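Asker: Protein chains in written order, with my numbering: chain A, 1 to 152; chain B, 1001 to 1279. C-beta atoms are modelled at their ideal positions from N, C-alpha and C, and glycine is treated no differently. Fair warning: this is a prediction, and the values are worked out from it, not measured in the lab.
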């Protein structure tokens, strides 16, 4: 509470310059994204869902790139494991990488999600992740298996 | 009818009577302002913004109209306009704690939490006793994810203003998140008593009641209590050992299986059912 405050800077507008804002689309519940991580979405699928959610929450470009980076970093151990052992390892590595990425992207989305949730006056402020989540689970599994066989 | 009676109706939250009282009043910044606040109380934010704009056409420096316009535009999602309006008001009165806190609220809606924090700090220095910055600080710390600190600030807020609905609501949410459903219900009931017109709050109190009445939530409530799951596992194992002694391994296996199903349900229930922990 003791930091010096530059009053002139404080009374300058910042919201008009914000490049991103809420899109009007309902985001997905953060906790629901863990199912995408567990059931086949893997690192890339979980990252994709989180990226879509970041757009709907109006998160900054920097935060969106961080989600992409977390997803790509999470995919690296899967590729290494598949290259060093056998493609079958993807059965275990896919959900494991997904869960690790989920942890990272959850933290990135947590604050904007609270801001959204706190100010939402909708009776049900979130959209269902079922359709998009199922599609990404299938796609994520196909991509991970393809990568695993490609690097064997 | 007169501006004075309309003012009183707005103050006691009777917007329909306020609008009736204003029906024959000559257009003036004051009349537009009261009409706008009445529409705001009726949650007709488009009309409220329109009234504020009409009033500002007559007097662009009328602080209450700028404040109202900021409130209405923020509710309409027009945050940039809400910000410009409140900054115009602050230009005239840069040390007004309510205006600084109003600006902090607009920034919180726009996820500019760091700047909002600086404004709240400034307001707290200008008037350490004011309720406005305390309420803004509670909201801010909650949005920042500092739940314990938000609860601590809520308690301090209630010491200054024992009827603060926000203070009771925040403590209710914290109790809810800890699985202390009885305490949460009490907090929400207190908040509803202090702010009976708040639909969201009434919803929350209703859902908190539903939590205890719907057995599907019980495993989740158990998991949220400190040591609840450990207690659950110990109990299940004790029952399984007893079952093994009485009915053999199959019965013990069934007990463990049933407990694992309950345990997993407790974890996934918030995603499947609607979790009523919103504030």
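Classify residue 127 of chain A as helix, strand or coil using the three-state DSSP reduction.
Answerer: strand
Asker: Considering only DSSP beta bridges, list what residue 28 of chain A is partnered with.
Answerer: A/127
Asker: For residue 1090 of chain B, go through chain A and note every residue whose CB falls closer than 7 Å to its CB, in chain order.
Answerer: The answer, in chain order, is 11.
Asker: Within 7 Å of any Cβ in chain B, is that where the Cβ of residue 112 of chain A sits?
Answerer: yes
Asker: Are the CB atoms of residue 1073 of chain B and residue 1081 of chain B nearer to each other than 7 Å?
Answerer: yes
Asker: Is DSSP giving residue 122 of chain A helix, strand or coil here?
Answerer: In the three-state scheme derived from DSSP, where H, G and I count as helix and E and B as strand, residue 122 of chain A is classed as coil.
Asker: I'd like to check one pair, residue 1171 of chain B with residue 1187 of chain B: are the Cβ atoms closer than 7 Å?
Answerer: yes
Asker: Whose CA, out of A/41, A/115, A/12, A/16, lies closest to the CA of residue 133 of chain A?
Answerer: Nearest C-alpha to residue 133 of chain A among A/41, A/115, A/12, A/16: A/41.
Asker: What residues in its chain sit with their C-beta under 8 Å from that of residue 1092 of chain B, if we drop five residues either side in the sequence?
Answerer: Excluding positions up to five away in sequence, the list reads 1061, 1063.
Asker: For chain B, is any of its Cβ atoms less than 7 Å away from the one on residue 36 of chain A?
Answerer: no
Asker: So, residue 1048 of chain B versus residue 1040 of chain B, is the Cβ gap smaller than 7 Å?
Answerer: yes
Asker: Measure how close the beta-carbons of residue 7 of chain A and residue 1270 of chain B come, nearest whole angstrom, since I'm counting them as under 8 Å.
Answerer: Contact doesn't hold; Cβ gap of about 43 Å is too wide.
Asker: Please confirm if residue 1174 of chain B has its CB atom under 7 Å from at least one CB of chain A.
Answerer: no
Asker: Below 7 Å CB to CB, which residues in the same chain sit around residue 149 of chain A once its five sequence neighbours on both sides are set aside?
Answerer: For residue 149 of chain A, where only same-chain residues beyond five positions count, the Cβ hits under 7 Å are 87.
Asker: Assuming the contact rule is C-beta atoms closer than 8 Å, residue 1019 of chain B and residue 1035 of chain B should be a hit. Round their C-beta distance to whole Å, please.
Answerer: 7 Å
Asker: Leaving out the 5 sequence neighbours to the left and right, which residues in its chain are closer than 7 Å to residue 137 of chain A when beta-carbon positions are compared?
Answerer: Leaving aside the five residues that flank residue 137 of chain A on each side, the residues in its chain whose CB is nearer than 7 Å to its CB run, in chain order, 36, 39, 40, 41, 45.
Asker: With a 10 Å radius around its C-beta and 16 neighbouring C-beta atoms as the bar for buried, classify residue 75 of chain A as buried or exposed.
Answerer: For residue 75 of chain A, the number of other beta carbons within 10 angstroms of its own is at least 16, and it is reported as buried.
Asker: Using the rule of at least 16 other Cβ atoms within 10 Å of the residue's Cβ for burial, across every protein chain shown, is residue 1217 of chain B buried or exposed?
Answerer: buried
Asker: List the endpoints of the continuous alpha helix (DSSP H) containing residue 61 of chain A.
Answerer: 61–84
Asker: Leaving aside the five residues before and after residue 141 of chain A along the sequence, list all residues of the same chain whose C-beta is less than 6 Å from its C-beta, in chain order.
Answerer: Leaving aside the five residues that flank residue 141 of chain A on each side, the residues in its chain whose CB is nearer than 6 Å to its CB run, in chain order, 40.
Asker: Excluding the 5 residues flanking residue 145 of chain A on each side, which residues of the same chain have their C-beta closer than 6 Å to its C-beta?
Answerer: 90
Asker: Go ahead and pull the three-state DSSP assignment for residue 1110 of chain B.
Answerer: coil
Asker: Verify whether the separation of the beta carbon atoms of residue 1266 of chain B and residue 1220 of chain B is less than 7 Å.
Answerer: Yes; because the gap between Cβ atoms is below 7 Å, this pair is in contact.
Asker: Alpha carbons only, please: which of B/1184, B/1105, B/1157 is nearest the one belonging to residue 1207 of chain B?
Answerer: B/1184
Asker: Can you grab the Cα-Cα spacing for the pair residue 1189 of chain B / residue 1246 of chain B, in whole Å?
Answerer: 47 Å
Asker: Rounded to whole angstroms, what's the CA-CA distance from residue 1179 of chain B to residue 1240 of chain B? Just pull it up for me.
Answerer: 26 Å
Asker: Counting only beta-carbon atoms, is residue 99 of chain A nearer than 7 Å to chain B?
Answerer: no
Asker: Would a check of beta-carbon distances place residue 1278 of chain B closer than 7 Å to chain A?
Answerer: Annotation note: pLDDT 43 at residue 1278 of chain B (below 50); position unreliable, no value reported.
Asker: Taking residue 28 of chain A as the reference, give the member of A/84, A/64, A/152, A/109 with the closest Cα.
Answerer: A/109
Asker: Rounded to the nearest angstrom, how far is the Cβ of residue 50 of chain A from that of residue 77 of chain A, given a contact under 8 Å?
Answerer: In fact, because the Cβ distance is near 18 Å, the residues do not count as touching under 8 Å.
Asker: Compare the beta carbon distance of residue 1045 of chain B and residue 1075 of chain B with 7 Å and say whether it is the shorter of the two.
Answerer: yes
Asker: Straight-line CA distance for residue 31 of chain A to residue 139 of chain A?
Answerer: Distance between the alpha carbons of residue 31 of chain A and residue 139 of chain A is about 20 Å.
Asker: Report the rounded CA-to-CA distance for residue 1174 of chain B versus residue 61 of chain A, giving the unit in angstroms.
Answerer: Near 32 Å, if we compare the C-alpha coordinates of residue 61 of chain A and residue 1174 of chain B.
Asker: For residue 959 of chain B, which of helix, strand or coil comes out of DSSP?
Answerer: Any answer about residue 959 of chain B is impossible in this case: the structure gives chain B only from 1001 up to 1279.
Asker: Could you tell me the boundaries of the alpha helix (DSSP H) in which residue 1061 of chain B lies?
Answerer: No alpha helix (DSSP H) holds residue 1061 of chain B; DSSP gives it neither H nor E.
Asker: When the Cα of residue 26 of chain A is compared with those of A/9, A/126, A/130, A/95, which residue comes out closest?
Answerer: A/126
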